[in-house]
Each structure stands twice: as C-alpha cells, then as structure tokens.
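This note's numbering numbers the first residue of the sequence shown as 27 and each following residue consecutively.
Even for Gly, the Cβ is constructed at its ideal location relative to N, Cα and C.
What follows is a short report on a single structure.
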Amino acid sequence: MIATRRKVVLYNPHAVFFTMPLALLAVGSHLDPERYEVVIIDGRLDPDAERTLVSQLHDAVCLGVTVLTGAPISDALRISRAAKAAHPQLPVVWGGWHPSMFGIECLAEPCVDVTVQGQGEATFAEIVERLAAGDSLEGCAGCMVRLPDGRVLKNPARPLLPLDSFRPHDYGLIPVERYFELKGKRQLDYISSQGCNFRCAFCSDPFVYGREWVGIDPQNVALALRDLQARYGFTDVNFQDETFFTRRDRVQALAQRLIDEKVEITWAATMRADQGMRLPQELWALAKRSGLRRLLVGVESGDNAMLKRIKKDIKIEQVYEVARRMQEMKIAGNFPFIVGFPDETDESVAATIACVKRLRAMSPDFETPIFYFKPYPGSAIVLEAVSKGFRLPDNLSEWSQFDFVAGLPGPWVSGTKYQLIERFKFFQELAWRRTSAGWDLLQRLARFRCRRDEYRWPIEMNLLNWLQPRERLS
Numbered sequence: 027m028i029a030t031r032r033k034v035v036l037y038n039p040h041a042v043f044f045t046m047p048l049a050l051l052a053v054g055s056h057l058d059p060e061r062y063e064v065v066i067i068d069g070r071l072d073p074d075a076e077r078t079l080v081s082q083l084h085d086a087v088c089l090g091v092t093v094l095t096g097a098p099i100s101d102a103l104r105i106s107r108a109a110k111a112a113h114p115q116l117p118v119v120w121g122g123w124h125p126s127m128f129g130i131e132c133l134a135e136p137c138v139d140v141t142v143q144g145q146g147e148a149t150f151a152e153i154v155e156r157l158a159a160g161d162s163l164e165g166c167a168g169c170m171v172r173l174p175d176g177r178v179l180k181n182p183a184r185p186l187l188p189l190d191s192f193r194p195h196d197y198g199l200i201p202v203e204r205y206f207e208l209k210g211k212r213q214l215d216y217i218s219s220q221g222c223n224f225r226c227a228f229c230s231d232p233f234v235y236g237r238e239w240v241g242i243d244p245q246n247v248a249l250a251l252r253d254l255q256a257r258y259g260f261t262d263v264n265f266q267d268e269t270f271f272t273r274r275d276r277v278q279a280l281a282q283r284l285i286d287e288k289v290e291i292t293w294a295a296t297m298r299a300d301q302g303m304r305l306p307q308e309l310w311a312l313a314k315r316s317g318l319r320r321l322l323v324g325v326e327s328g329d330n331a332m333l334k335r336i337k338k339d340i341k342i343e344q345v346y347e348v349a350r351r352m353q354e355m356k357i358a359g360n361f362p363f364i365v366g367f368p369d370e371t372d373e374s375v376a377a378t379i380a381c382v383k384r385l386r387a388m389s390p391d392f393e394t395p396i397f398y399f400k401p402y403p404g405s406a407i408v409l410e411a412v413s414k415g416f417r418l419p420d421n422l423s424e425w426s427q428f429d430f431v432a433g434l435p436g437p438w439v440s441g442t443k444y445q446l447i448e449r450f451k452f453f454q455e456l457a458w459r460r461t462s463a464g465w466d467l468l469q470r471l472a473r474f475r476c477r478r479d480e481y482r483w484p485i486e487m488n489l490l491n492w493l494q495p496r497e498r499l500s
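Put into structure tokens, the structure is as follows:
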C-alpha cells in the first residue's frame with residue numbers, strides 16, 4: 027500500500043528567522059501517512075528551493091504554501107509561479123495568516139487556485155482528498171476556490187476543531203537537526219494551542235479565530251515532548267501558542283507531568299499580565315520547577331488610557347506585579363510595546379517610555395522591544411488608521427513590502443515624535459543589554475541619556491547603525 031501513496035508538496039517561504047514550520051507540520055502530519063507522502067521544502071534552508079520544489083511536483087496532488095503577511099509573500103509568489111510554469115494543471119493552495127484574511131485577493135493571482143481560512147488541518151486534508159479523487163471543492167468548508175470562469179467560490183467557514191482530534195506533529199517530516207544548527211541551540215518549537223479568547227483591537231487573531239481557543243490535552247503534550255526529546259535530544263522548548271496560560275489547570279497539569287516524566291528541559295511561553303496576576307504562587311513555583319525560563323508578556327502601552335482604547339483589557343500595574351514575580355523567580359522576560367497609534371498623545375508615549383525604563387531597570391534578563399503600530403489586516407482598529415491617511419496595499423506585490431515588524435510608522439506620527447522614539451529605542455537597548463567589557467563607556471552614556479531623557483546629538487547611535495545596519499525582519 028505504501029508504494030501507491032500520492033505525493034503532497036508543502037513550501038515554507040524564505041524569512042530571516044528559523045522557527046520550525048509548525049503550520050506545515052500541522053497540515054502535513056494530519057494527512058493519512060499510508061495514503062500520502064508529504065514533502066516539506068523550506069525556502070530558508072534550501073539555497074536552490076525552486077529547483078528542489080519543481081523536481082518534486084511531477085506526480086503531486088497539489089502544492090501547499092503557508093503565507094505570512096509581508097516579505098514572505100514575495101517568495102510565495104515566486105515559488106507558486108514557478109510551480110505553475112512547470113506544471114500548469116497543478117493545484118496551488120495557499121494557507122496561513124494572509125490567505126485567512128485576504129482569501130479572495132490572493133485568488134486574483136493566476137498562480138493561486140485555493141485559499142484556506144483559519145485552522146488548516148481538517149480543511150487541507152479534505153482539499154487533498156477531493157483533489158486526489160478528482161472531485162470538486164464546492165462545499166469544502168474553510169476554503170475559497172477560483173472557478174474556471176474566474177469567479178471565486180466562497181465555501182462556508184469551518185468551526186475551530188479540538189487539536190486532539192488531529193494526528194500529532196510528525197517532526198520526521200523536517201530536518202530537525204538543521205533547525206538546531208541555525209538557531210544555535212537545541213530548541214524545539216512546539217504549539218500546544220490555537221486561537222485567543224481576547225479582543226485586542228490591534229490584532230487580527232479575533233478576526234481569524236473568532237475569539238475562540240482550543241488546546242491539546244496537557245497529558246498528551248507532556249508525553250509528546252518526552253518522546254520527542256528521547257528522539258531529538260533537545261534541551262529547550264519554545265511554545266508558539268498565542269496565549270499559553272489561557273487555562274491554569276492545563277498549565278498546572280502539564281508542568282506536573284513534565285516533572286513526573288523527568289522531561290528535563292527549559293521552556294518559554296506567552297502570558298498576559300492579567301493571567302499572571304491570577305496565577306497562584308504555587309503554580310508559578312511549579313512552572314519554574316518544570317523548566318519555565320522565559321515569558322513573553324505583551325504590554326503594548328505604558329498608558330492605562332491607551333490600554334483601554336485598544337481593548338487590551340489589562341492595567342499597567344498588573345504588568346509591574348507580574349514583572350516583579352518574574353524577577354524574584356529569575357524568569358527572563360520579553361515585554362513588547364507598540365507606539366504610534368492614531369491620535370496617540372505625547373503623554374501616552376512618555377508613559378510608555380517610562381514603563382520601558384522601569385522594566386529594564388528591574389532585571390538584565392528583561393527585554394522591551396518597541397514596534398510601531400501598523401494597521402494589521404483583520405484588526406478592529408484598521409478602519410481608524412485608514413481614516414487618518416494610512417493606505418492599505420492593493421495587491422500581493424504591495425503586501426509583500428508591508429513591513430509590520432520594523433519600518434516606518436503611520437502618517438499621523440510627526441517627524442519629531444518618530445525621531446524621539448527611534449533614539450529612545452536605540453539607547454534603551456544599549457543601556458541595559460548584556461555587553462562585553464569593551465562596551466562599558468557606551469553603556470554608561472546610554473543609561474545617562476535614558477535617565478535624563480536626553481537624546482540630542484546621537485553620535486553613538488549614528489555610528490553604530492552605520493557599522494551594524496539593521497536587517498528587515500518581516
């Protein structure tokens with residue numbers, strides 16, 4: 027039976043980070059391994075990915091591509107066009123965040139035949155089954171299809187399904203050791219839940235998942251990590267969940283099972299400040315004993331009025347209390363901020379700057395990256411941004427230039443405010459980051475600047491940016 031398997035080729039576009047392709051692992055692993063041979067090609071790993079991919083397509087059921095908004099779109103288009111040029115009849119299926127929000131727009135490209143919206147495991151499996159049988163995709167929930175006459179067939183949405191109903195991720199589909207090498211550490215990326223119950227106005231998650239959340243049973247997570255560690259020998263796990271601490275009982279059961287199974291790892295995850303506040307001290311201690319080493323706690327703003335406006339549903343005082351607990355337990359932290367919201371006041375920006383400085387002074391293991399607000403597609407605040415003069419891209423080519431990680435702020439941010447933020451971003455990072463002895467003088471100068479809010483004549487910044495230009499991240 028194995029000899030009659032049909033091939034399904036999956037592609038991960040080029041990017042500058044080396045997170046394992048969990049989206050492709052999810053959809054590829056859920057296909058019946060006795061009926062389908064899954065080939066995953068990662069554009070970040072293969073310098074000649076186009077040639078490799080085209081060589082695999084001659085007998086494939088379809089090509090699946092995962093697509094993030096921003097720079098990965100460019101490579102996704104390049105690969106999809108190459109696939110169509112070599113095999114014009116091959117169905118090309120796009121899934122991921124961008125097709126979830128712009129499924130119809132993606133289908134305007136001749137090289138894209140089908141787009142998947144939201145959770146992809148069951149939808150993609152049904153697409154593959156229908157294509158392999160030569161059947162129509164009409165009525166296939168969770169996807170859109172371009173018909174032969176050019177019209178788009180929009181099928182019904184597919185509900186968010188329990189993750190335990192899918193096959194576990196088969197890490198044998200990817201070269202795990204290669205990712206370890208590129209990361210510079212034996213770190214496994216793992217996702218144990220999907221979705222988010224919260225309503226942040228700047229985020230597209232509520233649009234894609236409808237404020238729903240589903241998680242793998244914690245016992246299954248612990249046993250999977252035990253078996254994967256025995257196979258791959260990793261020392262750290264990076265949980266890629268949107269909101270890992272959504273259910274306290276689940277975190278408690280997972281942490282305890284990791285200890286019971288003697289899974290000796292460290293791990294990092296995401297946490298909201300209000301979730302951390304509700305976490306009893308015993309559970310903080312249990313998580314730490316099980317290996318918790320780092321938390322990503324989205325702050326977004328140091329101003330309570332702005333937090334209310336963007337529907338973050340936390341208070342800045344909660345951030346400080348959670349940071350204090352992390353400091354006491356020697357848990358590292360990443361506290362990202364967003365500035366440049368439409369009509370954000372100088373006082374709001376000043377509150378964010380003060381919050382960043384307070385957090386950085388608490389621990390050398392705390393990071394506070396600052397990003398500019400970008401009206402990310404699908405977010406509730408996007409209409410407000412457009413009314414203030416922001417022009418959303420019109421096509422995939424323009425979306426490929428949409429840098430939502432770095433890049434310039436919206437047109438409503440004045441040049442003076444932009445200059446202040448850029449200089450503070452530089453000096454706060456230099457002031458508190460871990461450095462070698464040769465950086466002592468520059469670090470002392472940076473701390474002096476931050477304490478006094480003195481960012482004029484940034485000679486150090488201009489020199490170091492010239493010596494070490496920053497790379498585009500999205």
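Distance CB(residue i)-CB(residue j) smaller than 8 Å
{"i": "V119", "j": "G90", "result": "yes"}
{"i": "W293", "j": "F265", "result": "yes"}
{"i": "V154", "j": "Y62", "result": "yes"}
{"i": "I285", "j": "I66", "result": "no"}
{"i": "L468", "j": "E480", "result": "no"}
{"i": "E349", "j": "F397", "result": "A small correction: the amino acid at residue 349 is Ala; Glu does not occupy that position in the sequence shown. No; because the gap between Cβ atoms is not below 8 Å, this pair is not in contact."}
{"i": "L321", "j": "I291", "result": "no"}
{"i": "R335", "j": "G302", "result": "no"}
{"i": "R193", "j": "S55", "result": "yes"}
{"i": "M127", "j": "P403", "result": "yes"}
{"i": "A281", "j": "L312", "result": "yes"}
{"i": "W239", "j": "T269", "result": "yes"}
{"i": "R32", "j": "A158", "result": "yes"}
{"i": "G96", "j": "F428", "result": "yes"}
Given residue i as reference, the closest of the options once Cα atoms are compared
{"i": "G129", "options": "E486, D429, P182 and L318", "result": "P182"}
{"i": "G121", "options": "D253, E63 and V142", "result": "V142"}
{"i": "D329", "options": "F416, V365 and P194", "result": "V365"}
{"i": "L173", "options": "E207, L280 and L133", "result": "L133"}
{"i": "Q220", "options": "G241, V234, W310 and I99", "result": "G241"}
{"i": "D190", "options": "C222, L422 and Q245", "result": "Q245"}
{"i": "I379", "options": "A97, R478, Y197 and L251", "result": "R478"}
{"i": "D37", "options": "D74, I217 and P136", "result": "The identity of residue 37 in the sequence shown is Tyr, whereas the question assumes Asp. Checking every option, the nearest Cα to that of Y37 belongs to D74."}
{"i": "V234", "options": "P125, S162 and D253", "result": "P125"}
{"i": "P331", "options": "V93, S440, L318 and S374", "result": "Checking the sequence shown, residue 331 turns out to be Ala, not Pro. Nearest option by C-alpha distance: S374."}
{"i": "L94", "options": "A41, D72, V80 and A472", "result": "A41"}
Helix, strand or coil at residue i according to DSSP, with G and I counted as helix
{"i": "M27", "result": "Here the model assigns M27 a pLDDT of 42, short of 50, so the residue's position is not dependable and the matter cannot be decided."}
{"i": "T394", "result": "coil"}
{"i": "N488", "result": "helix"}
{"i": "L89", "result": "strand"}
{"i": "G221", "result": "strand"}
{"i": "K33", "result": "strand"}
{"i": "L499", "result": "In this predicted model, L499 has a pLDDT of only 44, less than 50, meaning its place in the structure is not dependable enough to derive any value."}
{"i": "K443", "result": "helix"}
{"i": "W483", "result": "coil"}
{"i": "R252", "result": "helix"}
{"i": "L153", "result": "Strictly speaking, residue 153 in this sequence is Ile, with Leu absent from that position. Note: I153 maps to helix in three-state DSSP."}
{"i": "D243", "result": "coil"}
{"i": "N453", "result": "Rather than Asn, the amino acid found at residue 453 in this sequence is Phe. Three-state result, F453: helix."}
{"i": "M46", "result": "coil"}
{"i": "M336", "result": "Per the sequence presented here, residue 336 reads as Ile, with Met not at that position. Coil."}
{"i": "L409", "result": "helix"}
Own chain, CB closer than 7 Å to residue i, minus 5 neighbours either side, in chain order
{"i": "K400", "result": "F430"}
{"i": "W465", "result": "none"}
{"i": "M388", "result": "A349 and Q353"}
{"i": "S316", "result": "A281, L284 and I285"}
Cβ-based neighbour list, residue i, same chain, cut-off 6 Å, excluding 5 preceding and 5 following
{"i": "R184", "result": "T149, A167 and G168"}
{"i": "I28", "result": "Any answer about I28 is weak, because its pLDDT of 48 lies below 50 and its placement is not dependable; what the coordinates show is given next. Hits under 6 Å: none found."}
{"i": "A377", "result": "G328 and D329"}
{"i": "F416", "result": "P401 and G436"}
{"i": "F206", "result": "R212"}
Expected contact under 8 Å - CB spacing of residue i and residue j to nearest Å
{"i": "I407", "j": "A227", "result": "4 Å"}
{"i": "V53", "j": "G144", "result": "Contact flag wrong, Cβ pair sits at about 12 Å."}
{"i": "Q278", "j": "L309", "result": "6 Å"}
{"i": "L187", "j": "V263", "result": "Wrong, their Cβ atoms sit about 24 Å apart, outside the cutoff."}
{"i": "T475", "j": "F453", "result": "Correcting the residue type first, residue 475 is Arg in the shown sequence and not Thr. 5 Å between Cβ atoms; contact."}
{"i": "I99", "j": "W425", "result": "5 Å"}
8 Å Cβ shell around residue i - same chain, five flanking residues per side excluded
{"i": "L116", "result": "L83, A86, C88, L89, A109 and K110"}
{"i": "V345", "result": "A299, V323, V325, F361, C381 and L385"}
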